[in-house]
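Chains as they are written, first to last, in the working numbering: chain A, 45 to 319; chain B, 45 to 319; chain C, 45 to 319; chain D, 45 to 319.
Number of protein chains: 4
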Amino acid sequence: MKTAIFGGDKRMLFAAKAFVEAGHEVCIAGFDDMISLCEIQICTPSEAAHLCDIAVLPVRPLSGGFLNTPFSREKLPIAELIRMIGKKPVYTGCADQLRSYALGEVHDYAAREDFVWQNAQLTAEGAVGLLVSGYEGSVYGSEILITGFGRIGKCLSKLLTAMGAHVAVAARKPADLAMIAQFGMEPVDYTALDCSVYQVIFNTVPAMIFDQEKIGDMRDDVYLIDLSSKPGGVDFQAAEARDLTCVHALSLPGKTAPLAAGTIIKDTVVKMMGA
Amino acid sequence: MKTAIFGGDKRMLFAAKAFVEAGHEVCIAGFDDMISLCEIQICTPSEAAHLCDIAVLPVRPLSGGFLNTPFSREKLPIAELIRMIGKKPVYTGCADQLRSYALGEVHDYAAREDFVWQNAQLTAEGAVGLLVSGYEGSVYGSEILITGFGRIGKCLSKLLTAMGAHVAVAARKPADLAMIAQFGMEPVDYTALDCSVYQVIFNTVPAMIFDQEKIGDMRDDVYLIDLSSKPGGVDFQAAEARDLTCVHALSLPGKTAPLAAGTIIKDTVVKMMGA
Amino acid sequence: MKTAIFGGDKRMLFAAKAFVEAGHEVCIAGFDDMISLCEIQICTPSEAAHLCDIAVLPVRPLSGGFLNTPFSREKLPIAELIRMIGKKPVYTGCADQLRSYALGEVHDYAAREDFVWQNAQLTAEGAVGLLVSGYEGSVYGSEILITGFGRIGKCLSKLLTAMGAHVAVAARKPADLAMIAQFGMEPVDYTALDCSVYQVIFNTVPAMIFDQEKIGDMRDDVYLIDLSSKPGGVDFQAAEARDLTCVHALSLPGKTAPLAAGTIIKDTVVKMMGA
Amino acid sequence: MKTAIFGGDKRMLFAAKAFVEAGHEVCIAGFDDMISLCEIQICTPSEAAHLCDIAVLPVRPLSGGFLNTPFSREKLPIAELIRMIGKKPVYTGCADQLRSYALGEVHDYAAREDFVWQNAQLTAEGAVGLLVSGYEGSVYGSEILITGFGRIGKCLSKLLTAMGAHVAVAARKPADLAMIAQFGMEPVDYTALDCSVYQVIFNTVPAMIFDQEKIGDMRDDVYLIDLSSKPGGVDFQAAEARDLTCVHALSLPGKTAPLAAGTIIKDTVVKMMGA
Chain A
45 MKTAIFGGDK RMLFAAKAFV EAGHEVCIAG FDDMISLCEI QICTPSEAAH
95 LCDIAVLPVR PLSGGFLNTP FSREKLPIAE LIRMIGKKPV YTGCADQLRS
145 YALGEVHDYA AREDFVWQNA QLTAEGAVGL LVSGYEGSVY GSEILITGFG
195 RIGKCLSKLL TAMGAHVAVA ARKPADLAMI AQFGMEPVDY TALDCSVYQV
245 IFNTVPAMIF DQEKIGDMRD DVYLIDLSSK PGGVDFQAAE ARDLTCVHAL
295 SLPGKTAPLA AGTIIKDTVV KMMGA
Chain B
45 MKTAIFGGDK RMLFAAKAFV EAGHEVCIAG FDDMISLCEI QICTPSEAAH
95 LCDIAVLPVR PLSGGFLNTP FSREKLPIAE LIRMIGKKPV YTGCADQLRS
145 YALGEVHDYA AREDFVWQNA QLTAEGAVGL LVSGYEGSVY GSEILITGFG
195 RIGKCLSKLL TAMGAHVAVA ARKPADLAMI AQFGMEPVDY TALDCSVYQV
245 IFNTVPAMIF DQEKIGDMRD DVYLIDLSSK PGGVDFQAAE ARDLTCVHAL
295 SLPGKTAPLA AGTIIKDTVV KMMGA
Chain C
45 MKTAIFGGDK RMLFAAKAFV EAGHEVCIAG FDDMISLCEI QICTPSEAAH
95 LCDIAVLPVR PLSGGFLNTP FSREKLPIAE LIRMIGKKPV YTGCADQLRS
145 YALGEVHDYA AREDFVWQNA QLTAEGAVGL LVSGYEGSVY GSEILITGFG
195 RIGKCLSKLL TAMGAHVAVA ARKPADLAMI AQFGMEPVDY TALDCSVYQV
245 IFNTVPAMIF DQEKIGDMRD DVYLIDLSSK PGGVDFQAAE ARDLTCVHAL
295 SLPGKTAPLA AGTIIKDTVV KMMGA
Chain D
45 MKTAIFGGDK RMLFAAKAFV EAGHEVCIAG FDDMISLCEI QICTPSEAAH
95 LCDIAVLPVR PLSGGFLNTP FSREKLPIAE LIRMIGKKPV YTGCADQLRS
145 YALGEVHDYA AREDFVWQNA QLTAEGAVGL LVSGYEGSVY GSEILITGFG
195 RIGKCLSKLL TAMGAHVAVA ARKPADLAMI AQFGMEPVDY TALDCSVYQV
245 IFNTVPAMIF DQEKIGDMRD DVYLIDLSSK PGGVDFQAAE ARDLTCVHAL
295 SLPGKTAPLA AGTIIKDTVV KMMGA
């Protein structure tokens, strides 16, 4: 099986290595400064598209109509890449962004439950890493609020509870609030959210949760981490105006755990091919 | 109560603040660039010694015969400081280093069980932070070895297990090995230590554990963290020769959790004064 | 507030006490041998219906057209009880069974998420109690299978994992299988279920899961507990024919934790009244 | 290897089976009503002593000068048994009780750290089983006191915390109190023990802890379990006078987990023979 990796960040390099270990012949394109990488072939996009049996693209394949290639100075229109790949099967995240261009099958590895959960776990770990590295207090014994009880909220609240923090989770659905209580954490209704009591606040909800008023209620020494994707769920200007410590943690887990994140891309693609 | 803080790192500044919150009048000496810090008085050592009822020194008060003042360009011989303080009570870590100089009572807050355990917990958290930030894999599911089952080994192994790692702990005493097994981890006898199977290795033992031979057995991609104080328990030259990723993590938790570390200094001193 | 409890098992007596503690005036009907119970009034059904402002019925209010009264020798047709209660609000479990009879509002406390989760937790605890009391091995270190990852499956698998068992959970949905893996347990697809490796098996699924063939695969010393309601998910005849240890655990948690089960009935009704 | 089991309760039968699985030829004595047990030979004591290479006795081998044989109507003076066994090696618990009689080597398996910890874990599980079966409330969310932080206290507090109880542990040593706090439980000094706040109380200390006065402070509905060996640490008369629910749990884990308890006897003896 000849597998081509197109673009993406460091995790795609680890995915490439993992495909090699799984017995694939692997080539990569979209990494300008990479001169050699074990037995992986470094290619141009057209060479890679020509050589491969399957194409693997990043979790977020697109950046303004171009292939998402943070490690390349060249911009490759996605339509052009897809034309090069032709009818060969494509494995990517956010497949919907590609479907209008695609000529062959497009498989969405990031839509798979196992991928999403493992990715959530890695994101939660990365968030813990940010907290431990940046926060001057201890996790143990601290008062932490998490907004949202989706996969990342579940993984993160479990980790922080295991580390000895007092964790409150804000959620909307009664079923989630009941499950939160059952797991030994404090369920909080958004309408009753009192931001003044928490030393650490994580947002996982992709909507404006922490507006100017809520920012105004927070402690001066709060540590605020937004894990939701752009534009995030925090009024960053209000946070800056108050001089709060506030981090918008984008591109977890690609930055903090590229090896693990790359490995689960490989694992998922291999499972999908076998199914 | 007038309390003077002499020297130390960032955690002593947080300790100073914590004493203020506990109702003390606080002055600090040994922080050259500090111009103002809430209601804390910034002093020279002799002013502080003159003003105070009690003197609080860092966990490691000495650095080659001088007061340990990483944030000051001046070097103050410890004998001189002690003379200034006179018969006022001194609270410090490593009190033995001061006893030959001391004129009054010297209390060792770092010898107290509650301090040592809380400090171990903070150190373990800091170690987790180093791991999550630096290691490219995930903690969840990784194979981790910890050498030593003292307080730091206990706290660290508990945290990593809670985070989903497979944790093996090397220890000498049969009682420790039995307790390790009982806590759901893998007990390892030093004589049977196979370093080749672990992705992450923590040393907590202040003795040469990982010599050239053991370093030679490790995986190329091992992540090796030495938590023991200088000179450490790793043959760092051998590790460098093999190009292993190796971190000697000194001055945890002062660096990673200065607020929490300062707060427990205050807590302990206040408890000792009340007792 | 005058509250009448009609029928049910021991947990309804504890619910009655809990209503007293919450400031209600309480009367009970359907407990023949009860002569006095703190300040609770012991009544006939018609007296209770006459006195009360609200009526509280058991989680399973019906038993073949009659009020479910395991502690009474008299059989009261549910239609008659409902006529006595008239238009007063009724709080019950399984409200659907009563809706055709009802004259006033019927509120289903057992349909509430918080009730269901807390009840699941109590059921899981009761199941652990059955296991520890009946099984001759230890939970710690044992190989346990749970079928189903609903609320009871979630609570039970969490408890057993926390107790040091190796837990596998069989589920159908990919999302559940992924979550099981994420929580540190072994996900098992029903199609790949190998019953021969488990020392303990819990069924939580109300469908025939363990048929004659699967029973045939089990170890001679398996400990098999069916938590699903009648008729259960086990071929009990086949299990008996093989002389397996097999328990059909009905009426958890009313039997094992009547105080806690009664308290959550009171808690839920009070919350519903306040909403 | 020919192994003879002399006396003891059900766990010794499971130990016998476990020795068979480990490849030993096994005979047992001291079980009157046992007619056959897989391939195990049922013997008189003198036959067993004659046949065997090693003798295995119960954790508590003595009962008033006689071999401890709860499943036999005959009383065998220990001196007579030891004379029969002669110079063959004896493995037993409480070896000190036998040393004055012994002719050959006496090995104490119950003095080994691994045995003691595993036994403590089984005892803790059995205690949880007693609680779940007998207590009418739930473990989850309950207020529990444990006196003593030896091995059983450690295992039990860990289990109950994992099950969601709020656990306080009373201990004497500052090191223990600090470790208790670090493990997320509430440390309690004996001098400040307020018995009135706990729903469940476990004693693990073999000394009079709960005297008449402390019994007087307890809640009416307390559930009190004494795990210490006779005479126990509770004024049982005072408890009875107050009509408290009080259990003296002797012979855990032999009663609740004989298979597991027997297996660790076999495991330990085999390890000692190999060492």
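Think of the CB as a built atom: it goes at the ideal place given N, C-alpha and C, for glycine as much as any other residue.
A quick note: this is a predicted structure, and the numbers were derived from the prediction, not measured.
| What are the partner residues of Gln85/C, as DSSP defines its beta bridges? | Here residue 85/C refers to the residue found at position 41 when the third sequence is read from its first residue. DSSP, once it has assigned bridges, lists Cys71/C as partnering Gln85/C.
| message | For Gln165/C, count the other beta carbons within 10 Å of its own beta carbon; 16 or more makes it buried, fewer makes it exposed. Which is it? | response | Counting from one through the third sequence, the residue named residue 165/C turns up at place 121. Gln165/C comes out buried.
| Within-8 Å CB hit, Gly178/A to chain D | Taking the first sequence and counting its residues from 1, the one referred to as residue 178/A is at position 134. Not closer than 8 Å to any Cβ of chain D, the Cβ of Gly178/A fails to qualify, so no.
| task | Tell me, to the nearest whole angstrom, how far the beta carbon of Pro89/B is from that of Phe115/B; I am working on the premise that it is less than 8 Å. | result | Along the second sequence, one-based indexing puts residue 89/B at 45. Along the second sequence, one-based indexing puts residue 115/B at 71. About 13 Å; that fails the 8 Å criterion.
| field | Contact with chain D by Gly228/A, beta-carbon distance below 8 Å | value | Within the first sequence, the letter at position 184 stands for residue 228/A. It does: the Cβ of Gly228/A has a partner Cβ on chain D nearer than 8 Å.
| Since Cys290/C contacts Asp261/C with CB under 8 Å, what's their CB separation in whole angstroms? | For the purposes of this step, residue 290/C is identified with residue 246 of the third sequence, where counting begins at 1. For the purposes of this step, residue 261/C is identified with residue 217 of the third sequence, where counting begins at 1. At roughly 14 Å, the Cβ-Cβ gap does not stay under 8 Å, so Cys290/C and Asp261/C are not in contact.
| field | Reduced DSSP secondary structure (H/G/I, E/B, other) of Pro231/B | value | For the purposes of this step, residue 231/B is identified with residue 187 of the second sequence, where counting begins at 1. Pro231/B falls in the strand class under three-state DSSP.
| field | Beta-carbon neighbours of Gly208/B, restricted to chain C and to distances below 8 Å | value | Here residue 208/B corresponds to residue number 164 of the second sequence, with the count starting at 1. By Cβ distance, chain C contributes Gly228.
| task | If I'm right that Ile86/A touches Ile98/A with Cβ under 8 Å, what's the distance once you round it to whole angstroms? | result | The residue you call residue 86/A lines up with position 42 of the first sequence. The residue you call residue 98/A lines up with position 54 of the first sequence. 18 Å between Cβ atoms; not a contact.
| Beta carbon of Ala171/A, beta carbon of Ala305/A: below 8 Å? | By one-based count along the first sequence, residue 171/A stands at place 127. By one-based count along the first sequence, residue 305/A stands at place 261. Contact flag unset, no.
| Is Leu203/A closer than 8 Å to Tyr242/A when the C-beta atoms are compared? | For the purposes of this step, residue 242/A is taken as the residue at position 198 of the first sequence. For the purposes of this step, residue 203/A is taken as the residue at position 159 of the first sequence. No, the pair does not count as a contact, with Cβ atoms beyond the cut-off.
| Would you say Asp265/A and Val278/A are within 8 Å of each other, going by their C-beta atoms? | Taking the first residue of the first sequence as 1, we reach residue 265/A at position 221. Taking the first residue of the first sequence as 1, we reach residue 278/A at position 234. For Asp265/A and Val278/A, no; Cβs fall outside 8 Å.
| field | Ser199/A - containing alpha helix (DSSP H), residue span | value | Taking the first sequence and counting its residues from 1, the one referred to as residue 199/A is at position 155. Sequence inspection shows Cys at residue 199/A; the Ser mentioned does not correspond to that position. Cys199/A -> alpha helix (DSSP H) spans 195 to 206.
| Taking a cut of 7 Å between CB atoms, which residues from the segment 294 to 307 of chain B lie near chain A? | Thr300, Ala301, Pro302, Leu303, Ala304
| field | Cutoff 8 Å: Glu169/C Cβ touching any chain D Cβ | value | By one-based count along the third sequence, residue 169/C stands at place 125. Interface residue, yes.
| query | Is Gln226/D buried or exposed, if buried means 16 or more other CB atoms sit within 10 Å of its CB? | reply | Within the fourth sequence, the letter at position 182 stands for residue 226/D. Buried is the call here.
| query | According to DSSP, is Val160/A helix, strand or coil? | reply | In the first sequence, counting from the first residue as 1, residue 160/A sits at position 116. Residue state, collapsed to three classes: helix.
| message | On the DSSP bridge list, what partners appear for Val211/B? | response | Numbered from its first residue, the second sequence carries residue 211/B at position 167. Val211/B is bridged to Ile188/B.
| Between Met316/B and chain D, is there a C-beta pair that is closer than 8 Å? | Here residue 316/B refers to the residue found at position 272 when the second sequence is read from its first residue. Not closer than 8 Å to any Cβ of chain D, the Cβ of Met316/B fails to qualify, so no.
| Which stretch, first to last residue, makes up the alpha helix (DSSP H) that contains Val183/C? | Start at 1 with the first residue of the third sequence, and residue 183/C comes out as number 139. Neither: Val183/C is in no alpha helix (DSSP H) and is coded neither H nor E.
| Start-to-end residues for the beta strand (DSSP E) that takes in Thr300/D | Your numbering for residue 300/D matches position 256 in the fourth sequence. Careful: Thr300/D lies outside any beta strand (DSSP E) and carries neither H nor E.
| Assumed close pair Tyr135/C, Val313/C - CB separation to whole angstroms, cut-off 8 Å | On the third sequence, residue 135/C is found 91 positions in, with the first residue counted as 1. On the third sequence, residue 313/C is found 269 positions in, with the first residue counted as 1. Contact flag correct, Cβ pair sits at about 5 Å.
| message | Does chain C have any CB closer than 8 Å to the CB of Gly173/D? | response | What you label residue 173/D is simply residue 129 of the fourth sequence in a count that begins at 1. With 8 Å as the cut-off, Gly173/D counts as an interface residue toward chain C.
| said: Quick check on this structure: which residue in Phe246/C, Ala319/C, Gly130/C, Asn112/C has the alpha carbon closest to the alpha carbon of His94/C? | reply: For this step, residue 94/C is matched to residue 50 along the third sequence. The candidate whose alpha carbon is nearest that of His94/C is Gly130/C.
| request: Note down the Cα distance separating Gly67/C from Phe193/A, rounded to an integer number of angstroms. | output: For the purposes of this step, residue 67/C is taken as residue 23 along the third sequence, with counting starting at 1. For the purposes of this step, residue 193/A is taken as residue 149 along the first sequence, with counting starting at 1. Each residue's Cα considered, the two are about 35 Å apart.
| query | In this structure, does DSSP put Val249/D in helix, strand or coil? | reply | By one-based count along the fourth sequence, residue 249/D stands at place 205. Val249/D: coil per DSSP, three-state reduction.
| said: In the DSSP assignment, the beta strand (DSSP E) including Ala48/B goes from what residue to what residue? | reply: Walking along the second sequence from the start, residue 48/B turns up at place 4. Its beta strand (DSSP E) spans residues 46 to 50.
| said: Please state the DSSP three-state secondary structure of Ile259/A. | reply: Indexing the first sequence from 1 puts residue 259/A at position 215. Ile259/A falls in the helix class under three-state DSSP.
| Taking Glu91/D as the reference, which of Glu118/D, Pro105/D, Leu125/D has the closest Cα? | As a working mapping, residue 91/D is identified with position 47 in the fourth sequence. Closest option to Glu91/D, Cα to Cα, is Leu125/D.
| Quick one: Cα of Ile259/C to Cα of Tyr267/C, how far? | Counting from one through the third sequence, the residue named residue 259/C turns up at place 215. Counting from one through the third sequence, the residue named residue 267/C turns up at place 223. Rounded to the nearest angstrom, the two C-alpha atoms are 12 Å apart.
| said: Tell me the rounded alpha-carbon separation between Leu81/D and Leu174/C. | reply: Looking up residue 81/D in the fourth sequence gives position 37. Looking up residue 174/C in the third sequence gives position 130. Using only the alpha carbons, I get a separation of about 26 Å.
| request: Determine the extent of the alpha helix (DSSP H) in which Ala99/A is found, giving its start and end residues. | output: As a position in the first sequence, residue 99/A is number 55, starting the count at 1. Looking at the DSSP string, Ala99/A is not in any alpha helix (DSSP H); the run it does join, the beta strand (DSSP E), is 98 to 100.
| Residue-level contact to chain A via CB, Asp152/C, 8 Å cutoff | Along the third sequence, one-based indexing puts residue 152/C at 108. No, its Cβ sits nowhere closer than 8 Å to a Cβ of chain A.
| So, Asn163/C versus Pro275/C, is the Cβ gap smaller than 8 Å? | Within the third sequence, residue 163/C is the residue found at index 119, counting from 1. Within the third sequence, residue 275/C is the residue found at index 231, counting from 1. It is not a contact, given that the beta carbons lie outside the stated cut-off.
| message | So the candidates are Tyr145/D, Gly137/D, Trp161/D; which of them puts its Cα closest to the Cα of His151/D? | response | By 1-based counting over the fourth sequence, the position of residue 151/D is 107. The shortest Cα separation from His151/D among Tyr145/D, Gly137/D, Trp161/D belongs to Gly137/D.
| query | What number of angstroms, rounded off, separates the C-alpha of Glu65/D from the C-alpha of Met207/D? | reply | Counting from 1 along the fourth sequence, the entry for residue 65/D is found at position 21. Counting from 1 along the fourth sequence, the entry for residue 207/D is found at position 163. Distance between the alpha carbons of Glu65/D and Met207/D is about 34 Å.
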